[in-house]
Amino acid sequence: MPIYKNVNKDFFKVWTPNMAYILGFFAADGYMTLNKRGARFWNIEISDKGLIFAIKKEIEAEHKISLRPAKQGELQLYRLQIGSKEMFQDLMEILIG
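Position 13 of the sequence shown, counted from 1, bears residue number 25 in our numbering, the numbering being contiguous throughout.
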């Protein structure tokens, strides 16, 4: 059974400077996934802990930030994963048209 967490699902519907900034981070360091049950997720993975928490706050997400342990020679990455069909679709429309 899915666990629902709050997030501003309208965040990518209106162009604002903050939306464009986060969209740029997503375009550079993000990805989208679709699981076997049809759930849709968008993710951002970056090494800047303060920035990932600022993004989480800006999109009003209750989602937790996970930590990917660093491999030798790599930076530690923080990941914010948002499960939202609506936000997934909004990003698809922005990125693909």
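We treat Cβ as the ideally placed atom computed from N, Cα and C, and that holds for glycine.
Buried or exposed (CB count within 10 angstroms, at least 16 for buried), residue i
i       : result
Gly-95  : buried
Tyr-43  : exposed
Ile-108 : exposed
Phe-65  : exposed
Own chain, CB closer than 8 Å to residue i, minus 5 neighbours either side, in chain order
i      : result
Pro-81 : Gln-88
Beta-bridge partners of residue i, as assigned by DSSP
i      : result
Phe-53 : Thr-45, Gly-95
Tyr-90 : Ile-58, Leu-79
Nearest to residue i (by Cα), restricted to the options the options
i       : options                        : result
Gln-93  : Glu-86, Gln-84, Asp-41, Thr-28 : Asp-41
Arg-49  : Gln-101, Met-104, Lys-97       : Lys-97
Leu-103 : Thr-28, Asn-30, Trp-54, Tyr-33 : Trp-54
Lys-21  : His-75, Gln-84, Asn-47         : His-75
Met-31  : Lys-17, Lys-69, Leu-79         : Lys-69
7 Å Cβ shell around residue i - same chain, five flanking residues per side excluded
i      : result
Lys-61 : Tyr-90
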